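Read through the structure below, which is laid out as structure tokens, and then see the notes.
Protein chains in written order, with the numbering used here: chain A, 1 to 116; chain B, 1 to 113.
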């Protein structure tokens with residue numbers, strides 16, 4: 001069963017506007033959350049992360065918000081640029097997740113298109 | 001430069017043949033992982049290894065095998081028992097311990113003819 005869910009397969013945003021990508025998780029043992037950016041036929045590249053002890057982490061144009069009670073996180077990109085067009089994956093791991101080797105659980109991804 | 005190297009980038013195989021995908025890292029990471037990506041799907045964990053000479057099955061290990069004889073290397077063999085092997089395969093590594101990101105290679109595209 002999918003423990004990390006990205007319910008929007010795609011999102012289109014105009015350049016300069018805010019992009020908001022959403023992610024939900026079901027495993028309460030997850031305590032570390034990450035966002036990766038991926039282009040076709042390439043490996044994912046790390047974007048930003050957040051620990052469960054925080055509710056917000058910011059890095060330049062990228063901010064991740066975590067709502068533990070709702071088991072929900074979101075990635076905000078402001079302002080969006082055409083170069084941000086890619087597939088974004090939400091991922092999670094947890095110290096208490098047994099037999100996982102701290103492997104990341106990934107959502108199915110959201111394809112972001114930023115139009116000029 | 002430090003990083004993860006996967007080879008080959010593209011690979012074609014006939015049904016019934018085993019094929020081995022290479023993954024080498026010079027990041028001095030203890031843990032290594034193999035994931036599979038299918039169109040419209042997230043990354044699914046095949047196998048992982050937290051230390052040399054030890055590895056564990058992930059969520060979709062059937063039809064795959066791995067070895068970890070050296071810290072730098074974690075090859076994946078796709079056997080003829082894997083019913084749907086055509087996919088994009090990604091190798092990753094990280095330092096041992098909780099938290100922290102995975103560093104990924106560029107991936108290998110396997111197509112079964």
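Idealized CB from N, CA, C, for every residue including glycine.
Computed from a predicted model, the values in this text were never measured in an experiment.
Alpha-carbon to alpha-carbon, residue j and residue i
i	j	result
residue 44/A	residue 90/B	9 Å
residue 56/A	residue 77/A	13 Å
residue 48/B	residue 109/A	22 Å
residue 28/A	residue 113/B	42 Å
residue 40/A	residue 40/B	12 Å
residue 61/A	residue 89/A	17 Å
8 Å Cβ cutoff, residue i in contact with chain A
i	result
residue 36/B	no
residue 12/B	no
residue 102/B	yes
Exposed unless 16 or more other CB atoms sit within 10 angstroms - verdict on residue i
i	result
residue 68/B	buried
residue 38/B	exposed
residue 105/A	buried
residue 38/A	buried
residue 4/B	buried
residue 18/A	exposed
Cross-chain neighbours of residue i in chain A, by beta carbon under 9 Å
i	result
residue 106/B	41, 42, 43
residue 31/B	101, 102, 103
Proximity test, Cβ basis, 8 Å: residue i and chain B
i	result
residue 108/A	yes
residue 28/A	no
residue 101/A	yes
residue 113/A	no
residue 98/A	no
residue 49/A	yes
Residues that residue i contacts on chain A, provided the C-beta gap is smaller than 7 Å
i	result
residue 90/B	43
Within chain B, partners of residue i - CB distance below 8 Å
i	result
residue 8/A	None at all; the shortest Cβ gap to chain B is about 13 Å.
Report task. Name, going along the chain, the residues of the region 33-63 of chain B whose beta-carbon falls closer than 7 Å to a beta-carbon of chain A. Result -> 33, 40, 41, 42, 43, 45, 48, 50, 56, 58
Query raised in the report: Quick one, which residues of the region 65-79 of chain B are near chain A if we go by CB-CB under 7 Å, in chain order?
Result: none
Requested in this report: With 8 Å as the limit, tell me which residues of the region 54-80 of chain A have their beta carbon closer than that to any beta carbon of chain B; keep them in chain order.
Outcome: none
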